[in-house]
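Engineer: Sending over a structure as structure tokens; questions will come in a sec.
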Amino acid sequence: MDLAFTPEEQKFREEVRAWVRENLPPEIAHKVHNALHLTREDMQRWAKILGKKGWLGYGWPKQFGGPGWSAVQKHLFEEETALAGAPRIVPFGPVMVAPVIMAFGSPEQQKRFLPGIASGEVWWSQGYSEPGSGSDLASVKCRAEKHGDKYIVNGQKTWTTLAQYGDWIFCLVRTSTEGKPQTGISFLLIDMKSRGVTVRPIIMLDGGHEVNEVFFDNVEVPAENLIGEENKGWTYAKHLLSHERTNIADVNRAKRELERLKRIARSEGMYTDTRFRDEIAKLEVDVVALEMLVLRVLSAEKSGKNPLDIAGLLKIKGSEIQQRYTELMMLAAGPYAVPFVKEAMEAGYQGEFVGAAYLAPLAATYLNMRKTTIYGGSNEVQRNIVAQVVLG
Amino acid sequence: MDLAFTPEEQKFREEVRAWVRENLPPEIAHKVHNALHLTREDMQRWAKILGKKGWLGYGWPKQFGGPGWSAVQKHLFEEETALAGAPRIVPFGPVMVAPVIMAFGSPEQQKRFLPGIASGEVWWSQGYSEPGSGSDLASVKCRAEKHGDKYIVNGQKTWTTLAQYGDWIFCLVRTSTEGKPQTGISFLLIDMKSRGVTVRPIIMLDGGHEVNEVFFDNVEVPAENLIGEENKGWTYAKHLLSHERTNIADVNRAKRELERLKRIARSEGMYTDTRFRDEIAKLEVDVVALEMLVLRVLSAEKSGKNPLDIAGLLKIKGSEIQQRYTELMMLAAGPYAVPFVKEAMEAGYQGEFVGAAYLAPLAATYLNMRKTTIYGGSNEVQRNIVAQVVLG
Amino acid sequence: MDFDFSDDQEQLRDAVRKWVDRSYTFERRRAITGAGGFDRAAYGELAELGLAGLYVAEDQGGMAMGPVEAMVVLEELGRGIVLEPLKHTLVTSGVLGAYAPEDVRSAWLPKIASGEALVVLAHQERKGRYRLDVCEAQATPAGAQGWKVSGEKSIVPAGDQADAFLVPAKANGKIALFLVERQAQGVSTRGYPTLEGGRAAELTLRDAPATLVSEEGLTVLEHAVDIGIACTCAEAVGAIDKTMQLTAEYLNTRKQFGVTLSTFQALRHRMADMKMQQELARSMSYYASLKLNAPPEERRRAMARAKYQLGVSMRFVGQNSVQLHGGIGVTDEYAGSHYFRKLTQLELEFGDTLHHLGEVSARMQDTAGVFA
Amino acid sequence: MDFDFSDDQEQLRDAVRKWVDRSYTFERRRAITGAGGFDRAAYGELAELGLAGLYVAEDQGGMAMGPVEAMVVLEELGRGIVLEPLKHTLVTSGVLGAYAPEDVRSAWLPKIASGEALVVLAHQERKGRYRLDVCEAQATPAGAQGWKVSGEKSIVPAGDQADAFLVPAKANGKIALFLVERQAQGVSTRGYPTLEGGRAAELTLRDAPATLVSEEGLTVLEHAVDIGIACTCAEAVGAIDKTMQLTAEYLNTRKQFGVTLSTFQALRHRMADMKMQQELARSMSYYASLKLNAPPEERRRAMARAKYQLGVSMRFVGQNSVQLHGGIGVTDEYAGSHYFRKLTQLELEFGDTLHHLGEVSARMQDTAGVFA
């Protein structure tokens, strides 16, 4: 048992840190460190910088052009980029659809789609949720009918994150209504520039445009865009859901944001307030405990001994911590969380602030983070899963 | 709307207060104020004092010899006795079985049983729970078979509070196995001196003897001891459960104990500790809010307008508050909650204390109070009931 | 001890509720938010109902009602998440009526009651957070009766729309309270939208002409804030009630895995916990309003207890309502999310939950209870 | 970064677990409690396993093991809620080995390792609560090398059974650490049972002859307490594990309303929340043991974080386990209630949860994390 990383791991960390210091644009880091709005250009710029280095698909094996890192290396990469203020990688391409294409796609599909994902050129969206499905993904209704060498897709997806920027979307579609709901689902890649695809924004409670409804009206999709076999999509989707589990805790972002919380509290005179400081102290213990939990999972993956079946716990605790630091930031602002000036949440805002610039986005971020206990399998669903592990 | 009690109610309160000041034995009040062990004699002594005044059955209507008080008067009586350090009235006779006898007993039964209850001479116990029944009372198995003018009772009751002192016990017994479980239950009064009744102590986690198992082995019970009709016992039991609901919050005891908590915290140097004092402050708000809830129920009962269906909330909040003040008392003691000297928890202990006399019972009281969220319908069952009101 | 509403109070409630239901629809509210967060016409309609004069004496055109009536009105405005700052009118009219000299009262209260003048409290400064004794604004005598005030006040409700402000400023080293008109020389405002979709402003005073309301500025300010707390508690109760209603309806309608959400015990228990907070909140809102006329020490203690409880309840009900709604709960489209924003803002007004925990702690006595 | 146990560590765990399962049955434990809460024979069996010498150097008869081995042992003793104070032996042997002069070490460590001598820390005073810098006991020089100590120490583990005490006392105004033998003149003890069913004592010293262990008493005492915290965390993890196991078995067995309790979603979710606390507790126990050899500042910060988390987890798991058991959970007869008592006491040892929250707060830095 040893808490310290090995010298090799430490060296790896230093290399990543040095590279990030050189390559992360400071104006992007500034936005991340201050929770300012990131544009599509910001996100894609960083994706392409990573792509050029071969690190956008940082979880990919070498055979597909990834770096072939160990679980620990991936964690160190996530930590270094998060602490430096890099944007989170938009996961739909490199983290979500790519592993499915690698595992179940044909060599042609791999050759066709993976390079654009690896380079950050092609923006992918995820078409899973539908109105009425929510936590019950197997109830997918959006249907794809085979006509010759095409599928004709009709239906609707919703909660489609950043689909307004999407070039391609991977969808769960219903290709059969026979048998159990799970058995009639297929996994289809759809070009969003196809005729009949419409994207309608959903404005979130913080006033932001982050998610969308996507409508399919007789959209023609070449049959070669089907991943694997027809009606086996549920299997592939589950593979995707089980992939990349430790980072669902997002503990490295939490460490960065805890630092920011302390800075905000200090500036607002609340860091020396016993009551408020105690709340930060509790959160600090939460973050350390979550990090230990993550490290234990990594250690288990590394050695292959005593696997830890606690993805549900990571999701629950990680999301609760995210909500708590945004809540405490808002409370640190106190009355100054009431002004709600959208323009002041943008980088480069030239107008006057109310109180101080760093206060401007705090309430909006708090509102926005309410989603984290809902999406990716709500925390109630996660508790069902955890209970299943404990009680059978 | 008015927060103040009416002049008549105030006058009533003064009368009760003056009487309690005159009549509550100070050595008993001392024990109550310091959470020391109350003996059977203590409890019965106070019961008889109340009985002599006609106040042991303080909730009884005048026709049965009670004072015929209003809901507010009952509350004021409870408040004055609690704050003065009177023991809680052992409820099984005057609060539980008496209303059933009044509502469903024959005139003969009323004449036979009520005087002994009103005077505090006869100690009653409650025979509801059985091993395996818990929250599911309708699953009663203890059976009573009619043979001529007698019932022969066989079976077991458990969690029978203070049955070691009991003269009589009222029991739910199974007289029929036909139909729904609820329909075959009868309500029977049993003399605990009958042959075949055995009482076995259950020692609680604090080491105290408060509850018992009661075994019935071919116990002969005269048929005239049946309340109402055979197989209708469930109806009578429900009547009992719905009776006397506001005092389940026990808010007046909570006020007294909050005062004690403050005294203990002050003596231990914790009343000026910001962190600990905040915990007391939170509890203080809880207690005030609970008292307002209780007063709202009383007001609704008084006027008959807008009845409040919140007995479940009173039980949940009241029990949580009980647990919290005992927990905070223990935490105020800190390391001095570790010594666990049973004799030092008795009044009149002549030995040395560890630290201070008032510290001796704090941990045991904390342990003991874990029961409050379990008994009388566990808080989980109460949440089911509350949810039923909200969601149908 | 009686918590029933009188017939008059019930009628008042009905009148306000009708106005909200008919005239302050979700669409109108959305339009008001879009147009900046304050609508003078809507405020005028509230005044037409007599509500702006609720605390104003009858001989000055008001209804001379008390805290319970104010509570009834604010519950309904909270249920409709009305943006226009009627509660701030109750705050200012309440203390003007109680503390201002006769000439100030007769000059302003009739106009306030009629809705002609909107007067709001402008006490917050950048360094003050929720402390009332922090005041950098300065007042100096000017002429026979007049004063001049200089300073910066922050997050003033509807500050760029109001007609006048009640402003604490230091006169001879002690906080006094002044009335300053927005159109006067040396007064400038900078308005902006708020978290709930309403409006506030930064206020700058440079030797602005001012009328003295009271030399006992801190006493009056504390009373003003306490009126604000009681109103905020009532508003929160209304918003919580509606939130509960929306959530229960949703759980009873929405299906997942083939059954309605309301069949899941874990969600049912959450609703039971929310119901607990709802009833505790209502109880403590009653308590606040019924203690509003108590002596200052007792009143302040009661308001701290009430606002602490309401803060806990608002946050719990608001957050869990969003959670139980799932995705739809975090969209702007859905009315419930605006209730959540409202509840979030109400927690931050007149002292947040940790602030009032500190107040409760500082004001503890040996005994405790509703009457202690 | 590696959290696997070595084969040696696994063997150590097996050995201790076997002893607990075979030799420290619930019945034996009950008998020990009934007889006063401490059994020298049971303690001797632990020593025979080599555990009393876990921290003692090999040339003094010990096993010279580290904090991870200590953690493994304490987890198992916690799982068996063993009453005998092995962890206090680790505390005293740990600091004696690190700080005591050679002659003290060679006089005492072999006897400690063999189980012949039980030496415990006696640092608590009535006014100290959990503060280590509060010390009223006084030490004065006596003769060539010797000292005399006078004072009162409180809640000393197995205090009337131990052979010697490590006692902080002020020498020339500064806290120094001394060793005092129980049989020496001027030493008296008064023993009593504890919350968990074990034993402690009040200790009175009147010019008791004492051996100086270290002039840097506070430094050594802090280290001693930190060893105690790491041990207590591990002990708690063992007790939590067993509590979880008992609770899961109960829910899967016990029927209400015709179905097993484990079918109720609200109870399942409670178990999920308890599982969360179990894993957070285990994680922070690892953290504590792995930080035990860090520099003092870092070590103290880590112990505060760990004990805070463990305090939260212990209370949550303990209380909810009782609750989920219903009536049976609050009976002495049922093993689970003794785990609850154990967990309750462990929270109070070496600083309770609020105390350590204060420590975490006082020790916060700009950054945070496992490595900060």
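The listed protein sequences derive, respectively, from chains A, B, C and D. Numbered per the numbering used here, the first sequence spans residues -4 to 387. Numbered per the numbering used here, the second sequence spans residues -4 to 387. Numbered per the numbering used here, the third sequence spans residues 2 to 373. Numbered per the numbering used here, the fourth sequence spans residues 2 to 373. Just so you know, even glycine gets a beta-carbon here, dropped at the ideal spot from N, CA and C.
1) By Cβ distance below 6 Å, which residues in the same chain neighbour Glu296(A) in space, the five residues on each side in sequence not counted?
2) I'd like to know if Ala267(D) contacts chain C, where contact means its C-beta is closer than 7 Å to some C-beta of that chain.
3) For the region 279 to 289 of chain C against the region 274 to 290 of chain B, are there 3 or more C-beta pairs whose distance is under 8 Å?
4) Since Asp274(D) is in the alpha helix (DSSP H), which residue starts that stretch and which ends it?
5) Applying a beta-carbon distance threshold of less than 7 Å, which residues of chain B neighbour Thr195(D)?
6) Using the three-state DSSP reduction, which class does Arg248(B) fall into: helix, strand or coil?
7) Between Tyr344(B) and Asp227(C), what straight-line distance do the alpha-carbon atoms span, to the nearest angstrom?
8) Rank Cys137(B), Ala351(B), Val209(B), Phe335(B) by C-alpha distance to the C-alpha of Pro196(B) and give the top, closest one.
9) Report yes if the C-beta distance between Leu247(C) and Trp148(C) is below 7 Å; otherwise report no.
10) Listed in chain order, which residues of the region 196 to 212 of chain B have Cβ atoms closer than 7 Å to some Cβ of chain D?
11) Does the Cβ-Cβ distance between Arg183(D) and Gly37(D) come in under 7 Å?
12) So, under 8 Å CB-CB, Ile180(B) and Val216(B) are touching, yes? Tell me the CB distance rounded to an integer number of Å.
13) Around the C-beta of Arg23(C), are 16 or more other C-beta atoms found within 10 angstroms, so that it is buried, or is it exposed?
14) In whole angstroms, give me the CA-to-CA distance for Phe179(D) and Leu354(B).
15) With a threshold of 7 Å between beta carbons, is Thr254(D) in contact with chain A?
16) DSSP three-state label for Lys243(D), please.
17) Count the CB pairs spanning the region -1 to 12 of chain B and the region 322 to 342 of chain A that are closer than 8 Å, and state whether there are at least three.
18) Is the shortest distance between the beta-carbon of His224(C) and the beta-carbons of chain D less than 7 Å?
19) Considering just the uninterrupted stretch of the beta strand (DSSP E) at Val204(A), what are its terminal residues?
20) Hey, how far is the Cα of Ile44(A) from the Cα of Ala99(D)?
21) Could you work out which residue in Pro82(A), His32(A), Gly54(A) is closest to Val15(A) when comparing CA atoms only?
22) Quick one: measure Cβ to Cβ for Trp119(B) and Gly88(B), integer angstroms, because I've assumed they're closer than 8 Å.
23) With distances taken between CB atoms, is the gap from Ile316(A) to Ala359(A) smaller than 7 Å?
24) Looking at the secondary structure, which residues open and close the alpha helix (DSSP H) in which Trp118(B) lies?
25) Apart from the five residues on each side of it in sequence, which residues of its chain come closer than 8 Å, Cβ to Cβ, to Ser322(D)?
26) Mind listing, in chain order, the continuous alpha helix (DSSP H) runs of no fewer than 4 residues lying wholly within the region 38 to 90 of chain C?
27) Using CA coordinates, which residue listed in Leu386(B), Pro94(B), Leu362(B), Ser373(B) is at the minimum distance from Met199(B)?
28) Applying a beta-carbon distance threshold of less than 7 Å, which residues of chain A neighbour Glu203(C)?
29) At 7 Å on the CB atoms, spell out the chain A contacts of Ala118(D), in chain order.
30) What does DSSP give as the partner residue(s) for Asp(-3)(A) in the beta ladder?
31) CB-CB under 7 Å to Lys69(B), same chain, minus the five flanking residues each way: which ones, in chain order?
32) Going by DSSP, which residues form a beta bridge with Thr205(D)?
33) Rounded to a whole number of angstroms, what is the C-alpha to C-alpha distance between Gly370(D) and Ala71(D)?
34) Please list the partners that Arg272(A) has in chain B, where partner means a Cβ-to-Cβ separation under 8 Å.
35) For Thr269(A), decide whether its Cβ has a neighbour in chain B, counting only Cβ atoms nearer than 7 Å.
36) If the cut is a Cβ gap below 8 Å, which residues of chain A does Thr244(D) touch?
Structural biologist: The answer reads as follows:
1) Hits under 6 Å: Ala66.
2) By this cut-off, Ala267(D) is an interface position.
3) When C-beta atoms of the region 279 to 289 of chain C are compared with those of the region 274 to 290 of chain B, three or more pairs fall below 8 Å, so the two segments count as touching.
4) Here the alpha helix (DSSP H) through Asp274(D) covers 266 to 291.
5) Close partners of Thr195(D) in chain B (Cβ separation under 7 Å): Val333, Pro334, Phe335.
6) In the structure shown, Arg248(B) adopts helical secondary structure according to DSSP, grouped into three states.
7) Tyr344(B) and Asp227(C): Cα-Cα distance of roughly 51 Å.
8) Answer by Cα proximity: Val209(B).
9) It is not a contact, given that the beta carbons lie outside the stated cut-off.
10) Listed in sequence order: Ile197, Ile198, Met199, Leu200, Gly202.
11) No. Outside cutoff.
12) That pair is no contact at about 15 Å.
13) Arg23(C) should be labelled exposed.
14) A straight-line Cα-Cα distance of about 30 Å links Phe179(D) and Leu354(B).
15) Residue-level contact by beta carbon fails for Thr254(D) and chain A, as no gap is shorter than 7 Å.
16) DSSP places Lys243(D) in helix when its eight states are reduced to three.
17) For the pair of segments examined, the region -1 to 12 of chain B was found not to touch the region 322 to 342 of chain A: the number of CB pairs separated by less than 8 Å stays below three.
18) It does not; no Cβ of chain D falls within 7 Å.
19) Here residue 204(A) is His; the residue named in the question, Val, does not match the sequence. From DSSP, the beta strand (DSSP E) with His204(A) extends over 204 to 217.
20) So the alpha carbons of these two residues sit roughly 53 Å apart.
21) The residue with the shortest Cα to Cα distance from Val15(A) is Pro82(A).
22) Right, the Cβ-Cβ distance comes to about 4 Å (below 8 Å), so this counts as a contact.
23) A distance of 7 Å or more separates the beta carbons of Ile316(A) and Ala359(A).
24) In the DSSP assignment, Trp118(B) falls outside any alpha helix (DSSP H), carrying neither H nor E.
25) Only Thr244, Met245, Leu247, Thr248, Met275, Gly330, Gly337, Tyr340, Phe341 meet the Cβ criterion.
26) Qualifying alpha helix (DSSP H) stretches, in chain order: 41 to 49, 68 to 80.
27) Comparing Cα-Cα distances from Met199(B) to each of Leu386(B), Pro94(B), Leu362(B), Ser373(B), the minimum goes to Leu362(B).
28) What Glu203(C) touches in chain A: Val349.
29) Here the premise fails: no neighbours, minimum Cβ distance about 30 Å.
30) DSSP output for Asp(-3)(A) lists Asp3(D) as bridge partner(s).
31) These residues qualify, in order along the chain: Tyr53, Gly54.
32) According to DSSP, Thr205(D) bridges with Glu153(D), Ser189(D).
33) Cα to Cα, Gly370(D) sits roughly 24 Å from Ala71(D).
34) Correct list: empty, because the minimum Cβ distance to chain B is about 10 Å.
35) Yes, because at least one Cβ of chain B sits closer than 7 Å to the Cβ of Thr269(A).
36) None at all; the shortest Cβ gap to chain A is about 12 Å.
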